[in-house]
Structures are given as C-alpha cells and as structure tokens.
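Participant: Protein chains in written order, with my numbering: chain X, 37 to 150; chain P, 4 to 113. Below you will find the structure I want to go over with you.
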C-alpha cells in the first residue's frame with residue numbers, strides 16, 4: 037500500500053447525471069477526508085469520517101452530495117443531478133488519529149460537467 | 004471559506020535562489036502546515052509547525068510562525084526546477100480538519 041488512491045482520475049459527465057467517486061485511504065488510517073478544489077483556489081473541506089462514522093459535513097455539501105464509508109475502509113462520494121458548478125477537483129485525504137491532522141492526499145478526481 | 008491567505012500569489016525566481024512565501028490567517032490555531040501541489044495533482048505534506056513553536060527546519064525548508072501576527076513564512080533555499088509547484092498553508096483550528104489558503108504559485112527558472 038503506497039498511498040491514497042482515487043478512482044477515476046477524470047470524469048466528464050452531462051449536467052443532470054449522477055457520478056460516484058471512490059477513495060481508498062492508507063490502510064491503517066482511520067480518518068478520511070473529502071475536499072473540493074476549484075481552479076486557482078486552495079482545497080475546501082467537504083466532509084470527514086473517523087472509521088465508518090461521518091463526523092462533520094461542510095455547509096458546502098448540498099443535499100445532492102452524499103458520502104459513505106461503510107466498513108471504515110474505502111469511501112465513496114456521490115453527486116446527484118450534477119450541475120456545471122460542480123466541476124472541480126475532488127481530493128481525498130487520510131490521516132491517523134494520534135498523528136493530528138497531517139494528511140496524505142490522493143491524486144484527485146477531476147470532474148467536468150458539460 | 005479560506006482561512007489563510009498566501010503572499011505573493013505568484014513568484015518566479017532563478018534556479019539556485021531562495022524563495023520565500025508568506026501566509027496570514029485569522030483565528031487561533033493548533034498548528035499550521037505547508038503543502039506542495041504539482042500541476043493537476045494531489046497535495047504533498049511538507050512540514051508542520053505547532054502553535055508553541057517559532058521555527059522549524061526540514062532539509063531545504065525553513066518555516067517560521069508568529070502567532071502574535073497570525074502569520075507564517077516558508078523559505079525554500081537553493082531552489083531547483085523540481086520545486087516549481089503551488090504551495091499552500093493549512094491551519095488546524097483544533098476541529099480535526101484543515102483550512103487551506105489560496106496558494107502561492109512558484110516557478111523556478113532554469
């Protein structure tokens with residue numbers, strides 16, 4: 037296990053379609069984060085899990101967004117009825133409780149809504 | 004919302020020169036971290052400095068923290084072409100997540 041992996045790396049979808057992204061964290065990490073990054077900006081926090089529990093969701097995360105981490109391992113982020121404003125890089129990160137918030141990031145999934 | 008703001012937004016220097024970028028933030032922090040992001044890729048953790056620390060070194064990196072001014076600086080010495088990237092500061096407010104700044108885009112000219 038060499039790091040956080042995200043799939044797919046790129047996704048182009050038509051407005052109104054649903055999309056789902058997957059993140060596999062570093063295996064021993066019990067915290068998993070989702071961030072969104074638009075061009076020229078820093079990442080913005082969306083949500084995080086500790087094990088399988090979703091502990092916080094940003095107000096940026098509208099009702100169309102849902103995230104799960106069913107067994108405390110991989111996580112999925114689903115966007116329903118995509119809008120052009122959802123176009124962004126979606127970044128997943130993981131960390132280890134006790135090591136603070138030092139985060140290890142995946143390569144991201146770039147979503148383009150056309 | 005962005006807690007931190009990096010300055011300058013963009014910086015171009017000759018290879019071998021030192022690069023300094025600054026970060027200002029708004030509220031009290033547990034720690035402050037610096038990350039690097041190569042174009043279109045994920046972020047890589049560089050260094051973490053706790054609120055009770057004033058300076059920290061890692062290889063060619065030196066980070067300072069001034070909590071009275073709510074600011075931090077990242078110095079990269081003897082820059083290399085491979086240092087070309089965007090650099091972000093991120094603050095840990097004690098709420099188990101990071102709040103990122105807007106980034107400095109560094110270009111090293113060979």
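We treat Cβ as the ideally placed atom computed from N, Cα and C, and that holds for glycine. Treat the numbers as computed from the prediction; the structure is a model and nothing was measured.
Would you kindly work out how many angstroms separate the C-alpha atoms of residue 39 of chain X and residue 121 of chain X, rounded to a whole number?
Facilitator: Walking along the first chain from the start, residue 39 of chain X turns up at place 3. Walking along the first chain from the start, residue 121 of chain X turns up at place 85. Roughly 29 Å separates the two Cα atoms.
Participant: To the nearest whole angstrom, what separates the beta carbons of residue 74 of chain X and residue 149 of chain X, a pair I think is in contact under 8 Å?
Facilitator: Locating residue 74 of chain X in the first chain gives position 38, counting from the first residue. Locating residue 149 of chain X in the first chain gives position 113, counting from the first residue. About 12 Å; that fails the 8 Å criterion.
Participant: Tell me whether residue 98 of chain P sits in a helix, a strand or coil according to DSSP, three-state version.
Facilitator: Within the second chain, the letter at position 95 stands for residue 98 of chain P. Correct three-state label for residue 98 of chain P: coil.
Participant: Would you say residue 84 of chain X lies against chain P (beta-carbon separation less than 8 Å)?
Facilitator: As a working note, residue 84 of chain X is residue 48 in the first chain. Taking Cβ atoms only, chain P reaches closer than 8 Å to residue 84 of chain X, which makes this a yes.
Participant: Residue 128 of chain X: which of X:136, X:142, X:146 sits nearest, CA to CA?
Facilitator: One-based indexing of the first chain puts residue 128 of chain X at position 92. Selected option, being the one with the closest Cα: X:142.
Participant: For residue 89 of chain X, would you say it is in contact with chain A, using Cβ-to-Cβ distances shorter than 8 Å as the test?
Facilitator: Checking the listed chains, one finds no chain A in this structure; the protein chains it contains are X and P.
Participant: Can you give, in chain order, each stretch of the beta strand (DSSP E) that sits fully within the segment 23-50 of chain P and has at least 3 residues?
Facilitator: Those beta strand (DSSP E) runs which fall completely within the segment 23-50 of chain P and span 3+ residues are 34-40.
Participant: Determine whether the Cβ of residue 34 of chain P lies closer than 8 Å to any Cβ atom of chain X.
Facilitator: Start at 1 with the first residue of the second chain, and residue 34 of chain P comes out as number 31. It does; some Cβ of chain X falls within 8 Å.
Participant: Where DSSP assigns a beta bridge to residue 52 of chain P, which residues make up the other side?
Facilitator: Working through the second chain from its first residue, we reach residue 52 of chain P at position 49. Beta-bridge pairing links residue 52 of chain P to P:35.
Participant: Would you call residue 39 of chain P buried or exposed, if buried means 16 or more other Cβ atoms sit within 10 Å of its Cβ?
Facilitator: Translated into the one-based positions of the second chain, residue 39 of chain P becomes position 36. Under this definition residue 39 of chain P is a buried residue.
Participant: Going by alpha carbons, who is nearest to residue 76 of chain P out of P:106, P:44, P:17?
Facilitator: Taking the second chain and counting its residues from 1, one reaches residue 76 of chain P at position 73. Checking every option, the nearest Cα to that of residue 76 of chain P belongs to P:106.
Participant: Return helix, strand or coil for residue 81 of chain P, following the three-state DSSP convention.
Facilitator: Locating residue 81 of chain P in the second chain gives position 78, where the first residue counts as 1. Coil.
Participant: Would you report the Cα separation of residue 21 of chain P and residue 133 of chain X, rounded to the nearest angstrom?
Facilitator: By 1-based counting over the second chain, the position of residue 21 of chain P is 18. By 1-based counting over the first chain, the position of residue 133 of chain X is 97. Approximately 35 Å between the Cα atoms of the pair.
Participant: Just curious, the beta strand (DSSP E) that residue 123 of chain X is in, first and last residue?
Facilitator: Within the first chain, the letter at position 87 stands for residue 123 of chain X. Looking at the DSSP string, residue 123 of chain X is not in any beta strand (DSSP E), and its letter there is neither H nor E.
Participant: Among X:112, X:69, X:76, which one has its Cα closest to the Cα of residue 92 of chain X?
Facilitator: Looking up residue 92 of chain X in the first chain gives position 56. Nearest of X:112, X:69, X:76 to residue 92 of chain X, Cα basis: X:69.
Participant: Would a check of beta-carbon distances place residue 45 of chain P closer than 8 Å to chain X?
Facilitator: Within the second chain, the letter at position 42 stands for residue 45 of chain P. So, interface residue.
Participant: Taking C-beta pairs closer than 7 Å, name the residues in chain P that residue 139 of chain X reaches, listed in chain order.
Facilitator: Walking along the first chain from the start, residue 139 of chain X turns up at place 103. Neighbours of residue 139 of chain X on chain P, chain order: 48, 101.
Participant: Strictly by DSSP, which residues pair up with residue 110 of chain X?
Facilitator: The residue given as residue 110 of chain X occupies position 74 in the first chain. Answer is none; residue 110 of chain X lacks a bridge partner.
Participant: What does the Cβ neighbour count give for residue 66 of chain P, buried or exposed, with the cut at 16 atoms within 10 Å?
Facilitator: Here residue 66 of chain P refers to the residue found at position 63 when the second chain is read from its first residue. It counts as buried.
Participant: Name, going along the chain, the residues of the segment 84-98 of chain P whose beta-carbon falls closer than 7 Å to a beta-carbon of chain X.
Facilitator: Those would be 91, 95, in chain order.
Participant: State buried or exposed for residue 4 of chain P, treating a residue as buried only when at least 16 other CB atoms are found within 10 Å of its CB.
Facilitator: Within the second chain, numbered from 1, the residue matching residue 4 of chain P stands at position 1. Annotation note: pLDDT 47 at residue 4 of chain P (below 50); position unreliable, coordinate value reported separately. Result: exposed.
Participant: Work out the CA separation of residue 59 of chain P and residue 24 of chain P for me, nearest whole Å.
Facilitator: Taking the first residue of the second chain as position 1, residue 24 of chain P is located at position 21. Taking the first residue of the second chain as position 1, residue 59 of chain P is located at position 56. The straight-line gap from Cα to Cα measures roughly 15 Å.
Participant: With C-beta atoms as the reference, is residue 49 of chain P less than 8 Å away from residue 68 of chain P?
Facilitator: As a working mapping, residue 49 of chain P is identified with position 46 in the second chain. As a working mapping, residue 68 of chain P is identified with position 65 in the second chain. Contact: no.
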